[in-house]
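Protein chains in written order, with the numbering used here: chain A, 299 to 597; chain B, 299 to 597; chain C, 299 to 597; chain D, 299 to 597.
Reviewing the structure listed below.
There are 4 protein chains.
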Amino acid sequence: MAGRSHGIHAEPTTFGFKAAGWYAELARDARRLERARETVSVGSISGAVGTHANVSAEVERHVLDDLGLGIDPAPTQVVSRDRHAELLTSLAILGGTLERIAIEIRHLQRTEVGEAFEPFGSGQQGSSAMPHKRNPILAERVSGMARLLRADALVGLENMALWHERDISHSSAERFVFERALGVAAYATRATADILDGLEVDADRMRANLDELGGMVYSEALLLGMIARGADRQVAYRLVQGAAKRAWAGETDFRSALAEDPGIAEWLSADEIEAAMSLEHHLAGIGVTYRALELDESS
Amino acid sequence: MAGRSHGIHAEPTTFGFKAAGWYAELARDARRLERARETVSVGSISGAVGTHANVSAEVERHVLDDLGLGIDPAPTQVVSRDRHAELLTSLAILGGTLERIAIEIRHLQRTEVGEAFEPFGSGQQGSSAMPHKRNPILAERVSGMARLLRADALVGLENMALWHERDISHSSAERFVFERALGVAAYATRATADILDGLEVDADRMRANLDELGGMVYSEALLLGMIARGADRQVAYRLVQGAAKRAWAGETDFRSALAEDPGIAEWLSADEIEAAMSLEHHLAGIGVTYRALELDESS
Amino acid sequence: MAGRSHGIHAEPTTFGFKAAGWYAELARDARRLERARETVSVGSISGAVGTHANVSAEVERHVLDDLGLGIDPAPTQVVSRDRHAELLTSLAILGGTLERIAIEIRHLQRTEVGEAFEPFGSGQQGSSAMPHKRNPILAERVSGMARLLRADALVGLENMALWHERDISHSSAERFVFERALGVAAYATRATADILDGLEVDADRMRANLDELGGMVYSEALLLGMIARGADRQVAYRLVQGAAKRAWAGETDFRSALAEDPGIAEWLSADEIEAAMSLEHHLAGIGVTYRALELDESS
Amino acid sequence: MAGRSHGIHAEPTTFGFKAAGWYAELARDARRLERARETVSVGSISGAVGTHANVSAEVERHVLDDLGLGIDPAPTQVVSRDRHAELLTSLAILGGTLERIAIEIRHLQRTEVGEAFEPFGSGQQGSSAMPHKRNPILAERVSGMARLLRADALVGLENMALWHERDISHSSAERFVFERALGVAAYATRATADILDGLEVDADRMRANLDELGGMVYSEALLLGMIARGADRQVAYRLVQGAAKRAWAGETDFRSALAEDPGIAEWLSADEIEAAMSLEHHLAGIGVTYRALELDESS
């Protein structure tokens with residue numbers, strides 16, 4: 299399928315390669331959240347200012363052990379709030395990852411692209427007004443949820459600097475953000491899993507879209523091929539760009555524009571042009587990523 | 299010195315105990331930042347959509363090794379932006395820690411408290427208009443810097459969800475936030491170090507403030523002492539609260555109010571009251587924290 | 299051109315109608331910014347705590363008149379910071395408007411849509427690696443700038459609650475955000491103006507895309523037509539949806555699917571179907587908006 | 299009472315003068331909210347892409363009139379989201395104002411200041427552990443609510459840039475933020491009203507605190523008095539600062555330090571010193587603010 303930068307076809311990629319990027323990022327999210335869970339899984343039973351004046355360390359340890367919690371070694375009246383800020387910012391980063399996936403699906407589902415579709419139950423109704431529509435509403439909701447998680451993280455960061463041994467500005471706000479952030483993150487994660495589990499992929503459309511620019515997605519390979527043969531980079535760039543411009547302008551198609559250009563022919567034969575414009579060449583390197591992630595390339 | 303919750307004297311603490319809390323939180327910040335540095339210390343030389351189509355993994359490894367960077371195993375045209383979000387949110391959490399310290403100093407320096415003062419060079423002028431003033435301007439600046447770090451973190455979080463294999467919405471914003479966040483965090487860290495290095499502590503004032511409420515800071519110990527002797531919690535609470543109210547109202551001082559209350563005398567002798575109202579009793583437990591942090595208690 | 303909700307073709311609209319929406323929103327932004335300019339255009343020369351103790355109201359009026367500023371009637375040592383928060387949030391809302399325009403252009407320029415293109419100087423080079431590319435980099439930058447404006451607004455909001463008659467936490471942060479927010483807003487406004495001034499619109503492609511779904515964009519008109527003739531809403535919905543599904547599935551095109559459906563024929567004749575599927579019918583109402591905005595419809 | 303900048307006594311002010319500042323800021327909040335209410339009080343019944351294709355302007359006007367709403371002149375499928383961003387940012391600015399008041403009360407209530415106290419019902423229990431405590435918990439909650447309002451404003455700003463004629467990323471988030479922001483703003487407003495209605499002010503303590511520095515709060519008046527008599531500003535500054543330093547150091551009190559300083563005596567007589575150090579002189583100018591706000595100075 300077409301890889302796109304700036305929304306413009308760049309070079310070929312595969313849908314699996316995209317997903318490998320999500321997989322790697324989600325694995326980092328999982329590690330961040332595991333660490334954050336450990337960071338917040340402490341309690342404190344150490345008295346009004348944290349000094350164990352009227353409660354012993356033994357009592358604290360006994361109760362927190364029972365609760366499966368560690369001990370905050372240097373509390374005030376409350377456990378330090380950097381811990382909760384780490385949890386809330388880690389959830390916001392997870393939100394950003396899920397939003398990245400959601401925005402990809404929303405783009406792929408748009409009418410003119412049509413490469414992938416979030417699941418649409420057979421009994422599900424789309425637009426209430428327009429019977430033909432099938433909308434990526436789950437993915438859009440995930441985008442909205444990411445905004446809520448960013449907002450909650452902000453509250454967590456503002457909650458850190460309490461007055462002296464604590465005030466309750468933080469706890470009044472935490473009653474809102476802890477529950478919401480965890481609930482919203484869980485919802486957005488499940489929604490994303492549902493989207494990916496039930497995703498309908500249109501491989502034919504992917505291939506058709508990739509070919510839409512008549513091979514321009516191979517322009518860098520052409521450029522590098524000419525340079526490898528000794529062409530000056532700026533000269534080669536202008537030659538390939540010129541062929542692309544003539545194709546954009548509708549005067550000809552890109553392959554013909556290349557074939558007819560004597561400047562290009564100086565450096566590359568028709569066979570060499572065709573070899574540079576091959577999907578196989580362009581996808582030969584993706585195994586680097588699969589192997590680095592210890593993923594099965596055939597998956 | 300007085301430990302304070304809600305800005306109100308609660309129970310005794312020590313300045314060293316407060317600092318131990320900062321030390322523990324800064325140690326967590328250091329770990330978060332070390333992890334974040336590792337997370338962002340990767341590069342990618344993998345082509346226009348990350349597929350190593352026109353550049354080999356060997357070239358990438360060679361160059362990134364030379365730069366002392368790891369390899370992002372699953373990039374797009376760019377390294378994944380969750381990495382930078384982790385750095386920026388970790389810096390924002392550090393900002394929250396520094397703000398916590400700064401707000402403590404600002405409180406301790408206020409005229410009515412007067413327990414600690416950020417350094418004031420002998421040649422330094424305070425207020426331009428009011429010759430008597432010495433202001434905690436460094437600590438106030440640290441508070442301001444924490445706001446900037448929160449704002450930068452927000453940009454980092456919004457920068458994660460790029461379109462397809464990248465757009466440049468993130469990089470145009472990163473030109474502003476990377477440099478600023480790192481510079482501001484470094485400044486705020488140094489300013490906080492300078493404040494703490496040169497801090498003037500007025501131990502006599504700390505002690506005088508602690509005694510300001512005439513021993514009310516020991517009210518919980520009295521309450522627990524009565525309960526230990528068999529008093530009903532609600533009854534004991536109301537008795538101690540009553541003595542405190544009479545003292546607040548200026549009718550008497552707290553110690554006299556306690557001594558004169560027959561309800562309290564039912565449970566505690568004069569000697570037992572005095573034992574409950576002892577600084578030694580209240581600070582006996584702080585070693586728990588020093589030992590947990592492997593700090594020298596005498597420091 | 300196609301109007302799109304959820305990224306899916308919905309009903310026809312026109313590019314001018316989209317721009318009318320931007321025009322109306324920008325007019326609201328202009329009013330918000332004019333009010334904010336008035337709100338912040340005050341000064342205060344009223345002394346260390348705002349009481350005019352050592353400076354007279356006459357001196358204040360004289361100097362501020364000279365500077366073209368109004369007087370803050372109830373200052374502390376400084377002008378109230380709600381004023382600056384209003385400016386910074388108004389700039390952030392402007393940023394959201396500009397981002398709305400920018401995202402529209404980025405969508406329209408994407409390879410598969412190709413309906414509009416931000417200006418590309420004849421001497422400008424696109425992608426450094428891929429000679430065929432022409433990227434909406436200005437619009438992407440505007441998206442990034444909107445993030446910075448949101449971040450600056452946040453700092454402005456946090457800067458409001460100063461301690462007593464002021465501390466300098468706000469001013470240390472304002473040194474960063476005032477200059478940046480005003481500069482970034484000016485840049486993003488000019489960039490958007492440049493994009494719109496030099497925008498290349500491909501009207502043929504707009505029309506071709508609109509027809510891509512074979513008339514499904516008229517599905518609501520068909521639905522309403524059947525209902526007007528007495529059809530049950532749910533029944534009519536399922537009939538039109540059924541035709542759309544057969545067309546999506548590639549079994550037939552949408553017009554044929556409609557023509558061949560006896561359920562639909564019960565309510566609408568072939569001529570009535572064609573009348574419902576007319577661009578003229580669908581654009582007849584846009585004058586409502588032009589007249590409400592006092593815009594020349596032919597513009 | 300003492301006016302304070304940087305938490306340090308600066309010059310005298312009055313509690314009414316502080317409240318006048320809140321009054322003026324709240325009046326601006328009221329205007330911002332009235333405008334925002336007007337801005338959001340519009341609806342749209344204009345069809346799937348806002349073009350009035352299948353619904354007439356007459357129907358729209360009839361229904362919206364009935365609902366008491368205006369008409370959005372240039373909608374998409376939905377009303378433009380700059381309107382809601384204006385409401386949410388206006389609520390966040392109100393939150394900042396309420397937080398400013400709340401932080402003032404929290405400062406005034408702290409043990410060492412003791413100048414004002416939020417209401418404490420006769421049946422209300424303070425700290426559950428410490429019977430002597432009376433905490434400003436309402437004001438602290440208002441501080442927490444201000445953070446939630448900032449977070450909600452952020453979501454409102456991110457919700458502006460929808461895709462084409464709308465996606466539902468905004469509405470999924472709006473289900474959370476509209477209700478919460480309005481509810482939280484109402485709660486924080488009522489809580490602040492309750493605090494101010496039932497506020498207990500300790501005027502004696504205010505006066506005692508003002509005198510705590512032995513008249514240093516009049517240092518600027520002394521400085522200006524010497525300058526008026528011809529003293530060099532730097533010289534005069536150092537003389538007054540020197541007297542203040544000797545008083546801070548506990549060698550003497552400020553008035554004696556001034557009286558004993560021959561450098562000061564060169565410019566000001568004992569009577570002139572006393573005249574500069576007068577509360578009446580320092581409060582003579584506050585009427586400027588009361589008159590500007592059309593408030594009764596005696597209130």
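For glycine and all other residues, C-beta sits at the position ideal for the given N, C-alpha and C.
For clarity, every value in this text was computed on a predicted model and none was experimentally measured.
Query	Result
Could you have a look at residue 303(C) and say whether DSSP puts it in helix, strand or coil?	strand
With 8 Å as the threshold, decide whether the Cβ of residue 525(A) is near any Cβ in chain C.	no
How about the stretch 343-352 of chain B and the stretch 373-387 of chain B: do they share at least three Cβ pairs that are nearer than 8 Å?	yes
So, does the CB of residue 519(C) fall closer than 8 Å to a CB anywhere in chain D?	yes
Using a beta-carbon distance below 8 Å, is residue 567(C) in contact with chain B?	no
Below 7 Å, is the gap between the Cβ of residue 399(D) and the nearest heavy atom of the ligand PLP?	The model on display carries no ligand, and the ligand PLP is accordingly not part of it.
Can you say whether residue 447(B) is buried or exposed, counting buried as having 16 or more other CB atoms within 10 angstroms of its CB?	buried
Check this for me: beta carbons of residue 449(D) and residue 574(A), under 8 Å apart or not?	no
Report the option in 549(A), 566(A), 306(A), 360(A) whose CA atom is closest to the CA atom of residue 520(A).	566(A)
In whole angstroms, give me the CA-to-CA distance for residue 592(D) and residue 322(D).	10 Å
Using CA coordinates, which residue listed in 515(D), 546(D), 465(D) is at the minimum distance from residue 302(C)?	465(D)
Counting only the same chain and skipping the five closest in sequence on each side, list residues whose C-beta sits under 7 Å from that of residue 392(A).	327, 331, 483
State whether the stretch 429-449 of chain C contacts the stretch 466-474 of chain B, with contact taken as three or more CB pairs (one from each stretch) at a distance under 8 Å.	yes
Which residue or residues does DSSP assign as beta-bridge partners of residue 414(B)?	499(B)
Taking Cβ positions, are residue 404(D) and residue 434(D) nearer each other than 8 Å?	yes
Are residue 458(C) and residue 380(C) close, meaning C-beta to C-beta below 8 Å?	yes
Report buried or exposed for residue 533(A), applying the criterion of at least 16 other Cβ atoms within 10 angstroms of its Cβ.	exposed
Buried or exposed: which applies to residue 413(C), given that a residue is buried once 16 or more other Cβ atoms fall within 10 Å of its Cβ?	buried
Can residue 508(C) and residue 515(C) be called in contact, C-beta distance under 8 Å?	yes
Name, going along the chain, the residues of the stretch 377-403 of chain C whose beta-carbon falls closer than 7 Å to a beta-carbon of chain D.	378, 380, 383, 384, 387, 390, 391, 394, 395, 397, 398, 401, 402
Just verifying my parser: in three-state terms, what is the DSSP assignment at residue 356(B)?	helix
Report the residue from 415(A), 388(A), 588(A) whose alpha carbon sits nearest the alpha carbon of residue 401(A).	415(A)
Terminal residues of the continuous alpha helix (DSSP H) containing residue 367(A)?	No alpha helix (DSSP H) contains residue 367(A), which DSSP labels as neither H nor E.
Please specify which runs of the alpha helix (DSSP H), each continuous and at least 4 residues long, are wholly inside the stretch 539-566 of chain D, giving them in chain order.	552-557, 560-563
Going along chain C in order, which residues have a C-beta closer than 9 Å to the C-beta of residue 306(B)?	Residues of chain C passing the Cβ test: none, with the nearest at roughly 18 Å.
Of all the alpha helix (DSSP H) runs that stay within the bounds of the stretch 450-510 of chain B, which reach a length of 4 or more residues?	467-495, 501-508
Could you tell me whether any Cβ in chain D is nearer than 8 Å to the Cβ of residue 375(C)?	yes
Looking at residue 306(D): is its Cβ nearer than 8 Å to the Cβ of residue 340(D)?	no
In the DSSP output, what is residue 310(A) paired with across the bridge?	300(A)
If residue 390(B) sits next to residue 460(A), beta carbons under 8 Å apart, how far is it from one beta carbon to the other, in whole angstroms?	No, residue 390(B) and residue 460(A) are not in contact; Cβ-Cβ is about 17 Å, not under 8 Å.
Straight-line CA distance for residue 354(B) to residue 486(A)?	37 Å
If contacts are defined as beta-carbon pairs under 8 Å, then residue 553(D) and residue 513(D) qualify, I think. What distance do you get, rounded to the angstrom?	6 Å
Check for me: the alpha helix (DSSP H) holding residue 395(A) runs from which residue to which?	380-407
Kindly list the residues whose CB is nearer than 8 Å to the CB of residue 541(A), restricted to its own chain and excluding five residues on each side of it in sequence; keep chain order.	552, 555, 556, 559, 562
Cβ of residue 407(A) less than 8 Å from any chain C Cβ?	yes
At a CB distance below 7 Å, what residues from the stretch 483-516 of chain C approach chain A? Give them in sequence order.	507, 510, 511, 514
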